[in-house]
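Chemist: First the structure, then my questions, so here it is.
Chains as they are written, first to last, in our numbering: chain Y, 1 to 121; chain S, 122 to 374.
What follows is the structure, given as structure tokens:
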């Protein structure tokens, strides 16, 4: 158990979640799909704005570590917003609403939302 | 990621998943953790999507991410997705998209529209198997009847394989990490064997949300990339998620 891959005996009695492998429960929110797409995420983003800004800053720092000139972030901030209007409805409007509610630049919210496809790079 | 769909002795289907993300995205030497993984944990939220004040589907998200990685359509089906690595990957899909070829779908937008609009396991399976994607993926889908559990292995264009629960063959669960189930996983990242060992040790007679949580809490199925664990029971309409930690010693992936 103390050498990689640290395989341990099959755990038992871990539920209900407790102890060092349980970091916390997850808060419930409701999203009303009858609202305009740009309004749907506002309550969540208002509540999680600080954490989202912290994540985006961490990604920025990583990007700057890879490309110190800042050109990568420029590309994200200047060019990615152009892609948002090519995204299908309602995702394009929801993403714009999240950028407005969080204050995070639109290009960076777009990057967050297409990260799965980008990550393969 | 690790996702599984299991059928208990009464024919109930249980879906569990560990959401692992942030590989090679900033290793924090002091805390021996991944930077982005730790920043994602406070963003984990459960969402009840409603129309006309009625639940359409429920999900676990990272706040600000409009697509779906984990969700349940109560009393109909459950869905998770795991990353699939391929040279013919998402970056090719993005270039095609920029060049104006827009007949493919962004992966998490597909899962979102399936959870929002599909009404049955079969319809969901068909959409997930046949819709062209920008990036390869694994879709792990559970239904509400005996035998309804599958792993769909997708390239960007094709559905390479649909691996289903087959009780007659003794396959009472399907389990997916990040490697095609007909191939050996990367020897440096074999979470499949420990996970299946624990599932087999639990046995079908004892499978429940509790014991699935135990399996997903066993290292290296639980690792430094694990942000949350979700447990879903389709017939009870239950989705519950827990933010995880992996105390040292623990595998970075």
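Glycine is no exception: its CB is placed at the ideal position from the N, C-alpha and C atoms.
From a predicted model like this one, the values you see are computed outputs, not experimental measurements.
(1) Per the DSSP calculation, residue 219 of chain S is bridged to which residue(s)?
(2) Which residue comes first and which comes last in the alpha helix (DSSP H) that contains residue 182 of chain S?
(3) Quick check: residue 158 of chain S and residue 189 of chain S, are their CB atoms within less than 8 angstroms of each other?
(4) By the criterion of Cβ-Cβ separation under 8 angstroms, what are the contact partners of residue 372 of chain S in chain Y?
(5) Does the CB of residue 228 of chain S have a neighbour CB from chain Y at under 8 angstroms?
(6) Indicate the three-state DSSP secondary structure (helix, strand or coil) for residue 60 of chain Y in the structure shown.
(7) Work out the CA separation of residue 371 of chain S and residue 5 of chain Y for me, nearest whole Å.
(8) For the putative contact between residue 136 of chain S and residue 358 of chain S, defined by C-beta atoms under 8 angstroms, what is the C-beta separation to the nearest angstrom?
(9) Quick check: what's the CA-CA separation for residue 202 of chain S versus residue 259 of chain S?
(10) Kindly say whether residue 63 of chain Y, judged by its beta-carbon, lies nearer than 8 angstroms to any beta-carbon of chain S.
(11) Under DSSP, the beta strand (DSSP E) around residue 285 of chain S begins and ends at which residues?
(12) Does residue 131 of chain S come out as helix, strand or coil in the three-state DSSP assignment?
(13) If residue 47 of chain Y sits next to residue 186 of chain S, beta carbons under 8 angstroms apart, how far is it from one beta carbon to the other, in whole angstroms?
(14) Would you identify the three-state DSSP class for residue 8 of chain Y, choosing helix, strand or coil?
(15) Quick check: residue 360 of chain S and residue 141 of chain S, are their CB atoms within less than 8 angstroms of each other?
(16) Unbroken alpha helix (DSSP H) runs of length 4 or more, entirely within the segment 26 to 87 of chain Y: which are they?
(17) When DSSP labels each residue in this structure, what does residue 260 of chain S get in the three-state scheme?
(18) Would you decide whether residue 78 of chain Y is buried or exposed? Buried here means 16 or more other CB atoms lie within 10 Å of its CB.
(19) Note down the Cα distance separating residue 16 of chain Y from residue 329 of chain S, rounded to an integer number of angstroms.
(20) Are residue 198 of chain S and residue 264 of chain S touching if we call contact CB-CB under 8 angstroms?
(21) Give the residues of chain Y in contact with residue 197 of chain S, contact being defined as C-beta atoms less than 7 angstroms apart.
(22) From the DSSP secondary-structure annotation, give me the bridge partner or partners of residue 271 of chain S.
(23) Determine which residues share a DSSP beta bridge with residue 124 of chain S and list them.
(24) Going by beta carbon distance, what residues of the same chain come within less than 7 angstroms of residue 183 of chain S, once the five residues before and after it are set aside?
(25) State yes or no: is the beta carbon of residue 117 of chain Y nearer than 8 angstroms to at least one beta carbon in chain S?
(26) Cα separation between residue 68 of chain Y and residue 272 of chain S?
(27) What separation, rounded to the nearest whole angstrom, lies between the Cα atoms of residue 179 of chain S and residue 8 of chain Y?
(28) Give the secondary structure of residue 158 of chain S by DSSP, where H, G and I count as helix, E and B as strand, and everything else as coil.
(29) Do residue 204 of chain S and residue 299 of chain S count as a contact pair if the criterion is CB distance below 8 angstroms?
(30) Name, please, each residue of chain Y whose Cβ falls closer than 7 angstroms to the Cβ of residue 293 of chain S.
(31) Counting only Cβ-Cβ distances shorter than 7 angstroms, please list the residues of the segment 155 to 185 of chain S near chain Y, keeping chain order.
(32) Label residue 228 of chain S either buried or exposed according to how many other C-beta atoms from any shown protein chain fall within 10 Å of its C-beta, with 16 as the threshold for buried.
(33) When you compare only the Cα positions, how much space is there between residue 317 of chain S and residue 43 of chain Y?
Modeler: Well, looking at it:
(1) Note: residue 219 of chain S sits in no beta bridge, so no partner.
(2) That residue, residue 182 of chain S, is in no alpha helix (DSSP H); its beta strand (DSSP E) goes 175 to 183.
(3) no
(4) 4, 5 and 6
(5) yes
(6) helix
(7) 7 angstroms
(8) With a Cβ gap of about 12 angstroms, residue 136 of chain S and residue 358 of chain S do not count as contacting.
(9) 6 angstroms
(10) no
(11) 280 to 285
(12) coil
(13) Actually they are not in contact, since the Cβ atoms of residue 47 of chain Y and residue 186 of chain S sit about 15 angstroms apart, beyond 8 angstroms.
(14) coil
(15) no
(16) 42 to 66 and 71 to 84
(17) strand
(18) exposed
(19) 12 angstroms
(20) yes
(21) The contacting residues do not exist; residue 197 of chain S stays about 16 angstroms from chain Y at best.
(22) S:262 and S:285
(23) S:138 and S:297
(24) 161, 164 and 165
(25) yes
(26) 41 angstroms
(27) 33 angstroms
(28) helix
(29) yes
(30) Correct list: empty, because the minimum Cβ distance to chain Y is about 17 angstroms.
(31) 156, 157, 160, 161, 162, 163, 164, 165, 166, 167, 168, 169, 170, 171, 172, 173, 177, 181, 184 and 185
(32) buried
(33) 40 angstroms
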